[in-house]
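Comments concern the structure below.
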Amino acid sequence: MLSITDLSLTLAGKHADLAILRSVTLAVATGEAVGLVGESGSGKSMTLRSILHMAPVNATVTGQILLDGLDVLSLRGEDLRRMRSRDVSMIAQNPHAVLNPVLPVERYLVEGMHDAQGLATRLARVRAGELLEQVGIDEVDRVLRSYPHQLSGGMLQRVVIAGAIAGKPRLLLADEPTTALDVTTQAEVCAILDECRRELGMAMLFVTHDLDLAAAVCDRINVMKDGEIVETGVPEQLRDDPQHPYTRALMASRPAGIGWTRRGGTV
Amino acid sequence: MSTQILPTHTRPAAPPLARFLVALYERMGVLGLIAIGIVLLVVLGAVLAPGIAPYDPTVGSVTQRYTGMTAEHLLGTDQAGRDIFSRLLWGARSSLAGPLIVVGVTAVFGNLIALVSVWWGGLVDSLLSRVLDLLFAFPNLLLAVLAIAVFGPSLTTAALALSIAYIPYTARVIRSTALRERNLPYVQSPQLQGISGAVITVRHLLPNIAPLIVTGATINFGFAMIELAALSFLGLGVQPPAADWGLMVSNGQQSLLKGYPAESLLAGLCIVLTVASLGYIGEKLGGRAAAGRKA
C-alpha cells in the first residue's frame, strides 16, 4: 500500500548540499509492520517526515511516494490535510512535547476527530473515552480531564496512540514511540500499539534504533545507514544470516545477554 | 479531581475578598498591591468623574484664581480659576483612553502580523519583516507629529499615529517567541492530524504566547501614556480647554513661574504614578510568565 521509490532528500547548506536520504526504496503491504532500523542520523525519521510533508524548509525532496496509488509528494493544501487526517497517523518520540501544555488531554483527542475528521464534538468526546479504554487506560475520565504535565510519559504515549488510531488510518508511522519512556512501560506501550494495529488492520512503518525491538514488533526490517537502506529482510534472516557488515555491527553492538524474542515474549 | 480533600482542622474559611487579597499579595508583593491600588484608583476616578468631580473641569471663575488648597478647592485652582482636583479626575479619562486605543490597536495588528508571518514563513515573513524595519526607522513621536500635521490635532489622531509606531515593536517581540513555539512538536502534531494553520495558530500558538502579549500590552500602556502626554503638552493631542494630564502639565508652566506649582506638579505626579504602577505590574506579570515557562 505504501511504496517509496528513489526517495532522496538534500539539505541546502552554506558551502555544500548535504544528502540526508539517498535513493531510499521501501514498501509496506496492507496490514504489514515494517521496521526501519539504524543509528541516530541515518535518516529514519527524515523518511517518515517526508511521507507527511514535514521535511525541513530548506530540504529538496525527490523521488516518489505512493500511498495506494496516491502520489503523496504532489499533494497540496486541502488534499494534503485530508491525507494527514484520514490516511496516515504519526506517533512521535516524546509525548510530552506533542501535546499542547495549556490544554487538557481531551481537547487533543477531540480536536483531531472534530476538526480534522469532521465528527460532531459530542460524538468525538464519547469516542475519546472509548479510545482511551482501547489503549488500556482505566481511569478514563480522570485522564481526559488531565493536563499533559499531570500524566506520566507512558500514559501520555497511550493517549497519543489513541489519537493516532482515532481516524482508523491505513498507515501508522511510529517514530521511536518508546524511546522516551521507562523501560518498564516500553513493553506495555509496544504491546498496546501492536494490538491496536492488528485489530484495525493498519500497516505500520516502525522507526527505532533498537534492532531487538524492531524484531519483536515487525514482519520485515529495513536496515538504514547514512541515508541508504543497506539491507532488508525478515527478522530471523537478519539475525541468522546478516548480509551487510553494518547489520552485523548492529547485531554485535547489542548488550550481551539480551534474548532474541519474537512477538508475544518479553520485548 | 472533583472533590478536594482538606485537612479537618483548617481555619474557618476567610471571606472571599480577604482570600483574594492574600492570593494577590502572594503573587505581587506589597509594592504590587500598592501599584494595583493606584491603577484601580485612577480607573475609578476616570469612570466616576462626572459623579464625583465637585466642579466643571472646563469652567473657571476669575475670582477664584490660585486659591491654594482650601475646603472648597481641595487641590486649589489654576490660573483660570478651574478646580484642579476636578480637572485631574476628568483628565484621567483622556489620559487612560488614549493609551487604551494605542494598546488595543497595537495588540491586534502587531500580533496579527507576527502570527501571519510565523505561520506562512518564507516570502511572506521576509516581506512583513522588511515593512516592520521600515517603520522602525521612524522615531515614534516624529511619526505621530507627521500624522497630526496631515489629519489635524486630536487625541484619536495622536493615538492612532502612536499605534502605528508601536506595532513593529510588538510584532517583532511576538514573532520571535511565536517562531520558537511554531517549531515545537505540539504545534506540528495538530498539523500532522490535518488541522488547518489558522485553527492551530488561534488554538495552540496564541494561548501559549498570551502571557507575553499581556505583559507587552501593560508596558506599552505606560509608554503610550507618557508619549501621548508629551504630544498633549506640545499641543498636538488633546485640545484645550479639555482636561488632560499632559495638557495640565503644559498649562501649569506659567503658574509654575508665578510660584503656583500645584497644577503641573500634581498632573505630572499622576502620570508618573500611573505609569510606574503599570510598569511594575507588567514586570511582575512578565516575571511570572517567564518563571512558568522555565518550569
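Protein chains in written order, with my numbering: chain Y, 5 to 271; chain W, 20 to 314.
Beta carbons: idealized from backbone N, C-alpha and C, even for Gly.
Residue i: contacting residues in chain Y (beta-carbon distance under 7 Å)
i: residue 203(W); result: 101
i: residue 1(W); result: Nothing about residue 1(W) can be read from this structure; chain W reaches only from 20 to 314.
i: residue 92(W); result: In chain order: nothing, as chain Y lies at least about 52 Å away.
CB of residue i within 8 Å of CB of residue j, strictly
i: residue 283(W); j: residue 275(W); result: yes
i: residue 121(Y); j: residue 171(Y); result: yes
i: residue 297(Y); j: residue 212(Y); result: Any question about residue 297(Y) goes unanswered here, given that chain Y covers just 5 to 271.
i: residue 5(Y); j: residue 52(Y); result: no
i: residue 13(Y); j: residue 59(Y); result: yes
i: residue 231(Y); j: residue 212(W); result: no
i: residue 84(W); j: residue 96(W); result: yes
i: residue 166(W); j: residue 180(W); result: yes
i: residue 166(Y); j: residue 135(Y); result: yes
i: residue 189(W); j: residue 126(W); result: yes
i: residue 288(W); j: residue 94(W); result: no
i: residue 175(Y); j: residue 206(Y); result: yes
i: residue 215(Y); j: residue 255(Y); result: yes
i: residue 61(W); j: residue 115(W); result: yes
i: residue 84(Y); j: residue 7(Y); result: no
i: residue 227(W); j: residue 106(Y); result: yes
i: residue 181(Y); j: residue 149(Y); result: no
i: residue 154(W); j: residue 103(W); result: no
i: residue 69(W); j: residue 105(W); result: no
i: residue 129(W); j: residue 193(W); result: yes
i: residue 4(Y); j: residue 63(Y); result: Nothing about residue 4(Y) can be read from this structure; chain Y reaches only from 5 to 271.
Residue interval of the beta strand (DSSP E) (run including residue i)
i: residue 199(Y); result: Taken as a continuous stretch (DSSP letters only), residue 199(Y) belongs to no beta strand (DSSP E), being part of the alpha helix (DSSP H) at 187-204.
i: residue 207(W); result: From DSSP, residue 207(W) is part of no beta strand (DSSP E) but of the alpha helix (DSSP H) over 204-211.
i: residue 226(Y); result: 224-229
i: residue 39(Y); result: 37-41
i: residue 71(Y); result: 63-71
i: residue 97(W); result: Run containing residue 97(W): none; DSSP gives neither H nor E here.
i: residue 86(W); result: Segment: none, residue 86(W) is in no beta strand (DSSP E) and carries neither H nor E.
i: residue 25(Y); result: 22-32
i: residue 177(Y); result: 175-179
i: residue 15(Y); result: 6-15
Proximity test, residue i beta-carbon vs the ligand PLP heavy atom, cut-off 7 Å
i: residue 169(Y); result: With respect to the ligand PLP, the structure shown offers nothing to examine, as it has no ligands at all.
Residue i, buried or exposed, once every other Cβ within 10 Å from all chains shown has been counted against 16
i: residue 224(Y); result: buried
i: residue 190(Y); result: buried
i: residue 82(W); result: exposed
i: residue 268(Y); result: The predicted position of residue 268(Y) is uncertain, since its pLDDT is 43 and thus under 50; a value taken from the coordinates is nonetheless stated next. Per the 10 Å Cβ criterion, exposed.
i: residue 208(Y); result: buried
i: residue 18(Y); result: exposed
i: residue 227(Y); result: buried
i: residue 153(Y); result: exposed
i: residue 210(W); result: buried
i: residue 90(W); result: exposed
i: residue 97(Y); result: buried
i: residue 45(W); result: exposed
i: residue 139(W); result: exposed
i: residue 265(W); result: buried
i: residue 201(W); result: buried
i: residue 142(Y); result: exposed
i: residue 262(W); result: buried
i: residue 71(W); result: exposed
i: residue 267(W); result: buried
i: residue 56(Y); result: buried
i: residue 178(Y); result: buried
i: residue 87(Y); result: buried
i: residue 35(W); result: exposed
N-terminal and C-terminal residue of the alpha helix (DSSP H) that residue i is part of
i: residue 110(Y); result: 109-115
i: residue 244(Y); result: 239-244
i: residue 214(W); result: Neither: residue 214(W) is in no alpha helix (DSSP H) and is coded neither H nor E.
i: residue 141(Y); result: Unbroken run through residue 141(Y): none, as it is neither H nor E.
i: residue 159(Y); result: 157-169
i: residue 318(W); result: Nothing can be reported for residue 318(W), as the shown portion of chain W is limited to 20 through 314.
8 Å contact criterion, which residue i and residue j should meet: CB distance rounded
i: residue 162(Y); j: residue 140(Y); result: 7 Å
i: residue 206(W); j: residue 224(W); result: 6 Å
i: residue 249(Y); j: residue 219(Y); result: Contact flag wrong, Cβ pair sits at about 19 Å.
i: residue 243(W); j: residue 124(W); result: About 10 Å; that fails the 8 Å criterion.
i: residue 250(W); j: residue 256(W); result: 4 Å
Where residue i meets chain Y, residues with beta-carbon distance less than 8 Å
i: residue 227(W); result: 104, 105 and 106
Residues that residue i contacts on chain W, provided the C-beta gap is smaller than 9 Å
i: residue 58(Y); result: 207, 210 and 211
i: residue 61(Y); result: 140 and 141
Chain-ordered neighbours of residue i on chain Y, where CB pairs are closer than 9 Å
i: residue 218(W); result: 115 and 119
Under 7 Å by beta carbon: chain W residues contacting residue i
i: residue 94(Y); result: 211
i: residue 89(Y); result: 212 and 213
Chain W contact residues for residue i, given Cβ-Cβ distances below 8 Å
i: residue 49(Y); result: Residues of chain W passing the Cβ test: none, with the nearest at roughly 12 Å.
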